[in-house]
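Visitor:
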Amino acid sequence: MPGWPLKDQTPTKDPDLTNNTDTETTKIECPAIRVEKTVSFNGQCPGTSSRISVPTGKRPTFCFAITNVGTTYLDQIVLVDTLRTTMGTIEIHREVIRSGKTSKMPVAPGETVLRQVEIPPLTNMCGTVSNTVEVTAIPVNSGRTVYPCLSPVAHIDDLTLDVPCGGADYRLALPALNPDTCDTWLQVQNVGDAPTKALVLLWGLPGACPPQAAGPLKLECTGLLRPGSAWSFPSDRVPPGTRSAIVYSFNATDEVKTPQGNLLPFADVACRSLFQIVVGDDLQWIQFDHAYRAGGTFLGPLGSFGEQLVLDFGAHPGQPVAVSVNRTCPDPVDPNRNVSAAYTGISSDRLGTYDPVYGGFAYYAPLVFANKGGLNSLIHLQNLGIECSSLELWFKGQDNCLRPILGDVLAVAPGESVVFDPNSVVGPDWVGSAWIRASEPMALVIDTLGPNHFTSYTGVPADVYDADGFSLGSMVNYAPLVYSEHQGWDSAIQVQNLSGATAAKVKVYFLDKSGDVITTVVDWICPRGSQTFFLPVISNMPGNWVGHARVESQEWWTPGTTPVSMPNIQSVVLLERWSDPARSERREAVAYNALTEQLAFDWQVGKLDGGTQSGSAVVAVPLLAKANRGISSELAITNLVSKPGFTDFAIYIYDQNGLLDHVCQKLHDRQVEYIDLATWGYVPQRFLGSAVISATFWEHEVFSPTGGFERNLVGLGAVVVERVNGAQNGTDVPGDESKAFEAIPIFDQFVEEPRPDCGP
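Its first residue numbered 33, the sequence shown is counted upward by one per residue in our numbering.
1) Check L504 in the structure and name its three-state DSSP category.
2) Whose C-alpha, out of T104, K428, N210, is nearest the C-alpha of I60?
3) Among the residues of its own chain, which have a CB less than 6 Å from the CB of S523, if the five just before and after it don't count?
4) Are the beta-carbon atoms of D641 and R743 separated by less than 7 Å?
5) Excluding sequence positions up to five away, which residues of its chain have a Cβ less than 6 Å from the Cβ of P364?
6) Would the region 226–235 count as touching the region 620–627 if we require 3 or more Cβ pairs under 8 Å?
7) If you draw a straight line from the alpha carbon of E150 to that of K90, how long is it in whole angstroms?
8) What separation, rounded to the nearest whole angstrom, lies between the Cα atoms of W521 and D544?
9) For I411, count neighbouring Cβ atoms within 10 angstroms of its own Cβ and tell me buried if that reaches 16, exposed if not.
10) Which residues in the same chain as P349 place their Cβ atom closer than 7 Å to its Cβ, once the five residues preceding and following it in sequence are excluded?
11) With R560 as the anchor, note down where its alpha helix (DSSP H) starts and where it stops.
12) Given a cut-off of 7 Å on the beta-carbon distance, is the pair A402 and V458 in contact?
13) In three-state terms, what does DSSP make of A299?
14) Measure the alpha-carbon distance for L530 versus D431 and round it to whole angstroms.
15) Just to confirm, is the Cβ distance from E491 to A397 under 7 Å?
16) Measure the C-alpha to C-alpha separation of N455 and N600 and round it to an integer number of angstroms.
17) Smallest Cα separation from A277: which of G236, H732, L692?
18) So for L341, helix, strand or coil by DSSP?
19) Can you give me the start and stop residues for the alpha helix (DSSP H) that I318 sits inside?
20) Grab the span of the beta strand (DSSP E) containing D387 for me, first residue to last.
21) Taking the alpha carbon of R718 as the point to measure from, which residue in D680, F681, R661, R702 has its own alpha carbon closest?
22) Along the chain, where does the beta strand (DSSP E) that runs through F542 open and close?
23) Let me check understanding here. Comparing Cα to Cα, which of A445, C433, W426 lies closest to G439?
24) Would you list the residues sitting across from N660 in a DSSP beta bridge?
25) Is the number of C-beta pairs between the region 694–710 and the region 645–658 that are closer than 8 Å three or more?
26) Please classify N173: is it buried, with 16 or more other beta-carbons within 10 angstroms of its beta-carbon, or exposed?
27) According to the Cβ coordinates, are G747 and L672 closer than 7 Å?
28) May I ask you to list the residues that DSSP assigns as paired with D194?
29) With S646 and G638 assumed to form a contact (beta carbons below 8 Å), what rounded beta-carbon distance in angstroms separates them?
30) Determine the direct distance from the alpha carbon of S162 to that of A186, and round the result to whole angstroms.
31) For P446, count neighbouring C-beta atoms within 10 Å of its own C-beta (all shown protein chains included) and say buried if the count is 16 or more, exposed if not.
32) Going by Cα to Cα distance, which pick from I663, A536, S421, G175 is closest to W588?
33) Counting along the chain, where does the beta strand (DSSP E) carrying Q108 start and finish?
34) Considering Cα atoms alone, identify which of I725, P352, Q528, V783 is closest to S465.
35) Roughly how many whole angstroms lie between the Cα atoms of V279 and I478?
36) Tell me which residue opens and which closes the beta strand (DSSP E) that S674 is part of.
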């Protein structure tokens, strides 16, 4: 309109402002879902979401709490649970959830649906286990009509577990120390992927059961340990009067509050505070130990002003460690000369599992002497449970399948170690094995002493014949080192039949350093019995000849019967050096536990995808020395794979502060590399440290009958030999100057070091 708007015009006031607005309400739907996962080992839910070590032989129960945290109903909820282990990836559960509390309705907003799944024990799935649950759902209304404009919702939760194997663990048992009569040296190595500290709790002489139990006698702590490095506890750090110990690993990177409210690294708070709490107090130690194993929280006693130590082990996990125990003691015949032996710390898997049918725990000591050829054994038994334990020891002589002889120990308190002398029930001139039953988990070390002879090895858990069939044995065992019979060495493989009902037919292959067969020996072994397989002395020629051995349990039958399946076996290797083929005088001896298929290599063509799913690629050496405090180390590294090809590997060398350098090596199939550190000018005199041996490249290919590629194999085994004030092929030192232990397989927990240029 021309002239609009009009000027100088008075506006008309709206008489009713309430009708000038209009409101429309629109509901915005926000669908969402959440899943929370926990794990328990008693079949009950909920469990814990902390990272913990899997109890040996226990069935994990994974618990899921699926909650509708949105505003719509949810239908077609798909739950998928996946387990990732060193043995590969497995989908263990898949389910479609259509309803919640009301069976005819979809899951309502705010509603939680609970599910759980139990799986077989994770025995032998060594290393890290990751479990991931994923849920997806479709937003709907209460009548299950799908909202076309709303996308499906999803959520993921996971948790990590650790399966200890073969001597690498967060908690290790040391049943035999003897610092009163022996020079005892502990070496603790970090085999994880982050810095850690270790705490060593030591017990004295065995005494009363709880509630009168004395508890730990002493507490010691390491310094900060980088992955691969090791901490030394020489004899002056292992106080007189101690008989046994437990090593715990603590997180050294997270900071937490002290009882006073100040911040310190978790390991330092634990070490300094626990010294005041658990030493001399069995109840406090039991509470601490139980919380540690369960990944729970330990609450210390209240202080005068209400302050309290709080250690959350689930939120602040440590790293796996490995331990070697080295002892030099007076010769039992001539105290003017010394004898030496070593063994490795005992991890949780070697404590065995409870027998749900017959009750208790059971173990084997495969090689026991009672005044046989001047040799006598002592069995050290440490209680790793929380109650007092009684013990029964059933001694079975070789070639005697009936009428074992029984010995017993009425009680041993938690943490403490007792020593049983077989001469109290068997002998003289007796050799055989022992089957031990206990009401609590036990750790065993068997010492054998004689003139110029001191050897140690660790006991092995017995099989449990329940629905899950627990066994740490295998049908093939490996001895990565035997010395040449031409150098005056007797090589003896003591094989334990783990079956309590079936005889075992066992064949032992003795191989030279190139993998060729020297000889084979075949014999029978009684149920629960053991047998010795010898490669005897031939002459005493000089030289550096070594070899290895393989032990096989074989199928057998008799006419008119069906074939008998191969029982599992475990073996101990005993190497004795003599002055001449007539065995006039012993010069030295070593012993170690043979490796099983689970820890070393799945004979003969591997399994699954090959690689580390078929064999060990990384092993740890806690103590590596060159003329340090009289100790010099030698390494025997064996390629256990029989398929033609080669494996390149690196030897990473660490001092106590971290990584120094590496050396590249190559081994063809079945070959042995023997390294005498005394001949390596590259390593300085008086060196003290540790090592990790890691495969870097391997080519042992397996093909199908039609020519298709199936897998590539790796399998390394190693033995550490230590000379005390002596050297191989050097002047014979009075006493037994040699000791040995098996290198410790480590799986996927170890840090990824800089990749060396070893191989293609």
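Each residue gets a CB set at the ideal place from its N, CA and C atoms; glycine is no exception.
Guide: Let me spell this out:
1) Looking at L504 - three-state DSSP - the assignment turns out to be coil, as it is neither helix nor strand.
2) The candidate whose alpha carbon is nearest that of I60 is T104.
3) Result list for S523: V514, L567, L607, in chain order.
4) Their beta carbons are under 7 Å apart, which means D641 touches R743 by this criterion.
5) If you ignore the 5 residues before and after P364, its C-beta comes within less than 6 Å of the C-beta of L481, all in its own chain and listed in chain order.
6) The region 226–235 is not in contact with the region 620–627.
7) Rounded to whole angstroms, E150 to K90 spans 10 Å at the Cα level.
8) Spanning the two alpha carbons is a distance of roughly 14 Å.
9) Its Cβ being crowded by 16 or more others within 10 Å, I411 is buried.
10) Hits under 7 Å: R83, N283.
11) From DSSP, R560 is part of no alpha helix (DSSP H); its letter is neither H nor E.
12) Yes. Within cutoff.
13) Helix.
14) The straight-line gap from Cα to Cα measures roughly 15 Å.
15) The residue you asked about is not Glu; residue 491 is Gly in the sequence shown. G491 is a Cβ neighbour of A397, given a cutoff of 7 Å.
16) Their backbone Cα atoms lie some 29 Å apart in a straight line.
17) It is G236.
18) Three-state DSSP puts L341 in coil, outside helix and strand.
19) Segment 314–326, the alpha helix (DSSP H) holding I318.
20) Counting along the chain, D387 falls outside any beta strand (DSSP E), and DSSP gives it neither H nor E.
21) When C-alpha distances from R718 are compared across D680, F681, R661, R702, the shortest belongs to R661.
22) Per DSSP, F542 belongs to the beta strand (DSSP E) from 536–544.
23) The option with the nearest alpha carbon to G439 is W426.
24) According to DSSP, N660 bridges with I663.
25) In the pairwise beta carbon analysis, the region 694–710 is classified as touching the region 645–658: at least three pairs are separated by under 8 Å.
26) Here N173 is exposed. Its C-beta has fewer than 16 other C-beta atoms within 10 Å.
27) A contact, by the Cβ cut-off of 7 Å.
28) Looking at the DSSP output, D194 shares a beta bridge with S85, T160.
29) Indeed, because the Cβ distance is near 3 Å, the residues count as touching under 8 Å.
30) Those two C-alpha atoms are separated by around 19 Å.
31) Buried: at least 16 other Cβ atoms inside 10 Å.
32) Checking every option, the nearest Cα to that of W588 belongs to A536.
33) Q108 -> beta strand (DSSP E) spans 105–117.
34) Of the candidates I725, P352, Q528, V783, the one whose C-alpha sits nearest the C-alpha of S465 is Q528.
35) Their backbone Cα atoms lie some 20 Å apart in a straight line.
36) Under the DSSP assignment, S674 falls outside any beta strand (DSSP E); it carries neither an H nor an E label.
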